[in-house]
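So for the sequence shown, our numbering puts the first residue at 6; every next one is plus one. For glycine and all other residues, C-beta sits at the position ideal for the given N, C-alpha and C.
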Amino acid sequence: MIMGGGELPGLLVNEIGGIHGILHGHVVFLKKHFCLITMKEFLENKKHMSKKVQAIYLWWHKPVIDQELLQSLPNLKVIANSGVGMDHLDLKLIASFGVKMANAPRAVSSSTADTGMALLLASARRLVEGYHIATSSRMEYCEADFLGVEVTGATLGIIGMGRIGYKIALRAKAFEMNILYHNSTRRKEQEEQAVGAAYCEKMDGLLQQADFVMVVVSLTPQTHKLIGKRELELMKPTATLINISRGAVIDQEALVTALQSGVIRAAALDVTYPEPLPRDHALLKLKNVIITPHLGIKTHKATYMITEEAVENILAALNDLPIPSEVLPS
């Protein structure tokens, strides 16, 4: 979409490619709508570039949005985030500059739910341990007592029943799991019935009953270390904890102790704090833990859909239209 004067609006991105850059495969699509400006280009020619930037697209939390950057962009109208979680942004600071914000909830829910189920299944059947046994140079046979736990008929407790949590419930139903959920607000009765989910008003009851506990909440001051020593001790000693939300939702030191002492059976984590963990962190040394490098949304389809959703949000903001996935400061 071309703005006034025939010039495409400037879109600031961290870089193209690299660890924290937008994907090369998305560049052609983005250039249809925007003049792409990397942080390097912006910093090298700030005086000229500052007025051109009308939007920022965050990929993997970059570029960092602080007061200095906001003050240097007088024509900035919107910041689009490449995911759901906005805990890396100071929403009130951004809003104070009159800048709108948007995330990408529609694009990420299915791929993140798939990741959650993949971790559940891999932990239940000890796939990572099994892989190392199968590829070991000393492999002759697998020990008869190398056993996993059953998923069919097991109870899954979902903490956080938003878009992603509900899609996890749909997948778990296909595995004939019993589903409990805890959420700040209860789902409609027909939605519960569609997946066979029972609502737990108190999280404690869910923790005590579940064979698998899946954490799918946003990181807020209220959910920081939501799962700590007390919560882990409420869980069954045969239970598995799965986290696909944010690392800081779980007290990692308490989790290490719980895994080492048999308070819970296992954990499967797509997120940690920090990311990546220090190479000498105790979690990396435990056999009853699976850790993946924040793979939640990392599929070709999901990442492209995220960029499409971001473009939709940015164009709406630049044209003074309602932003489909606007995020307001709380």
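One question on the structure: do residue i and residue j come within less than 8 Å of each other, judged by their Cβ atoms?
i	j	result
Ala-174	Ile-184	yes
Leu-132	Val-316	no
Ile-247	Val-222	no
Pro-242	Gly-267	yes
Ile-99	Ile-138	no
Met-122	Arg-176	yes
Ala-215	Leu-237	no
Ala-244	Ile-269	yes
His-66	His-29	no
Arg-191	Tyr-171	no
Ala-60	Val-83	yes
Ser-4	Ile-296	Lying before the first or after the last residue shown, residue 4 is absent from the chain, which here runs from 6 to 335.
Met-166	Tyr-186	yes
Lys-45	Glu-20	yes
Thr-120	Ile-27	no
Am I right that residue i and residue j are in contact with their C-beta atoms under 8 Å? What's the rounded C-beta distance?
i	j	result
Val-254	Thr-228	5 Å
Pro-68	Cys-40	The Cβ separation is near 16 Å, so there is no contact.
Trp-341	Val-32	This structure does not reach residue 341, given that the chain is present from 6 up to 335, and the question cannot be answered.
Leu-96	Tyr-62	Not quite, the Cβ-Cβ distance comes to about 17 Å (not below 8 Å), so this is no contact.
Asn-108	Met-91	6 Å
Lys-37	Ala-322	Contact doesn't hold; Cβ gap of about 17 Å is too wide.
Gly-252	Thr-277	4 Å
Phe-180	Val-156	5 Å
Ala-85	Ile-319	5 Å
Arg-111	Glu-258	Going by Cβ atoms, the distance from Arg-111 to Glu-258 rounds to 36 Å, so no, they are not a contact pair.
Pro-298	Pro-283	Wrong, their Cβ atoms sit about 14 Å apart, outside the cutoff.
Does DSSP put residue i in a helix, in a strand, or in coil?
i	result
Ile-27	strand
Phe-402	An answer regarding residue 402 cannot be provided, because it is not within the stretch 6 to 335 covered by the chain.
Val-113	helix
Thr-338	Limits of the chain in this structure are 6 at one end and 335 at the other, which puts residue 338 out of reach.
Ile-70	coil
Val-220	strand
Tyr-1	This structure gives no information on residue 1, because the portion of the chain shown stretches from 6 to 335.
Glu-197	helix
Val-32	helix
Leu-333	coil
Gly-15	strand
Met-122	helix
Gly-170	helix
Val-133	helix
Met-44	helix
Met-54	helix
His-187	strand
Gly-162	strand
Ile-328	coil
Gly-22	coil
Gln-59	strand
Ile-99	helix
Ala-149	coil
Please tell me whether residue i has its Cβ less than 8 Å away from any Cβ of chain C.
i	result
Leu-237	The chain labelled as chain C is not found in the depicted structure, where only one protein chain is given.
**Study point:** Inter-stretch contact (C-beta, 8 Å, three-pair minimum) for the region 300-308 and the region 48-55
**Key:** Between the region 300-308 and the region 48-55, the count of C-beta pairs closer than 8 Å stays below three; the two stretches do not touch.
Practice item. Count the CB pairs spanning the region 144-153 and the region 103-123 that are closer than 8 Å, and state whether there are at least three. Key: The region 144-153 makes no contact with the region 103-123: fewer than 3 CB pairs, one atom from each, lie closer than 8 Å.
Point to revise | the region 153-165 in contact with the region 199-214 per 3-pair CB rule at 8 Å | key: With a cut-off of 8 Å, the region 199-214 and the region 153-165 count as touching, because enough Cβ pairs lie within range.
Exercise for review: Decide if the region 269-285 is in contact with the region 73-81; the criterion is three or more beta carbon pairs, one per stretch, under 8 Å apart.
Suggested key: By the Cβ rule, the region 269-285 does not count as touching the region 73-81, because fewer than three pairs are nearer than 8 Å.
Exercise for review: Could you tell me which uninterrupted alpha helix (DSSP H) segments, each at least 4 residues in length, are contained entirely in the region 230-262, listed from first to last along the chain?
Suggested key: For secondary structure counted as the alpha helix (DSSP H) over 4 or more consecutive residues, the region 230-262 holds these complete runs in sequence order: 234-239.
Review point. At which residue ranges does the region 281-320 contain complete alpha helix (DSSP H) runs of 4 or more residues, listed in the order of the chain?
Key: Counting only runs of at least 4 residues, the region 281-320 fully encloses no alpha helix (DSSP H) element at all.
Check your understanding: So, do the region 286-295 and the region 119-135 have three or more beta carbon pairs nearer to each other than 8 Å?
Key -> Yes, they touch.
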